[in-house]
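Trainee: Those letters in the sequence shown? Residues 1 to 246, by the working numbering.
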Amino acid sequence: MQILGIDVGGTGIKGAPVDIDTGELLAERQRIPTPDPAKPKAVGKVVAEIAQHFAWNNPIGIGFPAVIRGGVAFTAANIHPKWIETNADALFAELTRCPVKVINDADAAGLAEVTFGAGRGYKGTILMVTIGTGLGTALFVDGKLYPNTELGHIELDGGDAEWMASDAARQRENLSWKKWAKRFDRYLGALERLLWPDLIILGGGVSKESENFLPLLTVKSKIVTATLLNQAGIVGAALSAQHLVK
Ligand code: BGC
């Protein structure tokens with residue numbers, strides 16, 4: 001079964017048709033820079049351009065960096081505030097003329113990792129943390145997603161955890177890996193004390209450089225890095241739209 005998976009990010013919007021039975025991309029990923037300002041219509045046009053590139057007229061799954069409930073965006077931590085209360089499902093469906101399912105981007109990445117990647121075959125509680133401009137989280141119990149956990153926004157050192165411990169924070173403050181790892185470890189420790197996951201999967205761009213910080217983490221839960229890397233968002237978005245296939 002083929003579904004077009006699209007990952008809307010802060011700098012790029014990426015998409016490819018996905019074989020959702022194997023998790024493989026069926027064509028080369030198409031990437032278009034995220035428009036600035038990333039208002040709903042502008043982002044919608046880019047998504048439609050990606051669908052057109054693949055001459056797509058089947059279901060589309062889209063990972064989006066916000067709380068998505070019933071297709072509607074409810075937050076906008078790192079995106080344009082105009083998205084708040086926009087019906088993203090309806091907007092993208094109108095512009096692409098395809099059935100669309102929008103899901104939180106971290107939830108999408110988690111779905112892909114639990115189905116085809118680092119979390120495959122695990123029972124129990126899995127917490128996926130995506131480390132990028134934001135801190136995204138996805139929580140699974142026995143393979144089932146508890147959607148829209150926004151645990152990147154818990155309090156850490158008196159501030160928003162995302163502001164203190166994301167990869168953007170590391171770059172903004174020019175932190176050494178050691179300094180950033182200490183902070184990120186405090187963040188994971190806080191999550192561990194609340195959730196006691198059996199497995200933590202770390203994803204996002206920096207997971208490729210995990211040798212710089214993984215050995216410095218002290219939490220007790222088993223920690224692994226994501227295996228689908230920058231494809232996870234696309235694959236998981238496609239997986240989330242399975243129910244739209246007739
Ligand atoms: C948003 C989440 C998103 C995460 C990763 C956070 O700022 O609140 O919804 O999953 O960034 O993009």
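Glycine included, each C-beta is placed from N, C-alpha and C at the ideal position.
Under the rule that 16 or more other beta-carbon atoms within 10 Å means buried, what is VAL43, buried or exposed?
Mentor: Counting Cβ neighbours within 10 Å, VAL43 comes out buried, since at least 16 surround it.
Trainee: Unbroken alpha helix (DSSP H) runs of length 4 or more, entirely within the stretch 98-155: which are they?
Mentor: For the stretch 98-155, whole alpha helix (DSSP H) runs of length 4 or above, ordered along the chain, are 105-116.
Trainee: Quick check on this structure: which residue in HIS243, ASN230 and LEU239 has the alpha carbon closest to the alpha carbon of ASP21?
Mentor: Per the Cα distances, LEU239.
Trainee: Would you mind reading off the limits of the alpha helix (DSSP H) that contains GLY44?
Mentor: Segment 40-53, the alpha helix (DSSP H) holding GLY44.
Trainee: Tell me the residue span of the alpha helix (DSSP H) that contains VAL8.
Mentor: Per DSSP, VAL8 belongs to no alpha helix (DSSP H); it is in the beta strand (DSSP E), 2-8.
Trainee: Please report the residue range of the alpha helix (DSSP H) in which GLN171 lies.
Mentor: First-last of the alpha helix (DSSP H) with GLN171: 167-172.
Trainee: Which of helix, strand or coil does DSSP assign to ASP64?
Mentor: The identity of residue 64 in the sequence shown is Phe, whereas the question assumes Asp. In this structure, PHE64 counts as strand in the three-state DSSP scheme.
Trainee: Can you tell me whether ASN230 is buried or exposed? The criterion is at least 16 other CB atoms within 10 Å of its CB, across all chains shown.
Mentor: Classification of ASN230: buried, given that the 10 Å Cβ count is 16 or more.
Trainee: Among ASP36, PRO17, ALA109 and ALA241, which residue has its Cα nearest to the Cα of GLY10?
Mentor: Measuring from the Cα of GLY10, the nearest candidate turns out to be ASP36.
Trainee: Hey, ALA77 and ALA106: beta-carbon distance below 8 Å or not?
Mentor: Taking 8 Å as the Cβ cut-off, ALA77 and ALA106 do not qualify as a contacting pair.
Trainee: Let's see if you can read the secondary structure: which residues bound the beta strand (DSSP E) around ALA90?
Mentor: Unbroken run through ALA90 is the alpha helix (DSSP H), 88-96; no beta strand (DSSP E).
Trainee: Counting pairs of Cβ atoms below 8 Å between the stretch 43-61 and the stretch 1-19, do you hit three or more?
Mentor: These segments touch.
Trainee: Quick one: is the Cβ of ASN78 within less than 7 Å of any heavy atom of the ligand BGC?
Mentor: Yes, the Cβ of ASN78 comes within 7 Å of a heavy atom of the ligand BGC.
Trainee: Compute the Euclidean distance between the alpha carbons of ALA169 and GLY23, then round it to the nearest angstrom.
Mentor: So the alpha carbons of these two residues sit roughly 32 Å apart.
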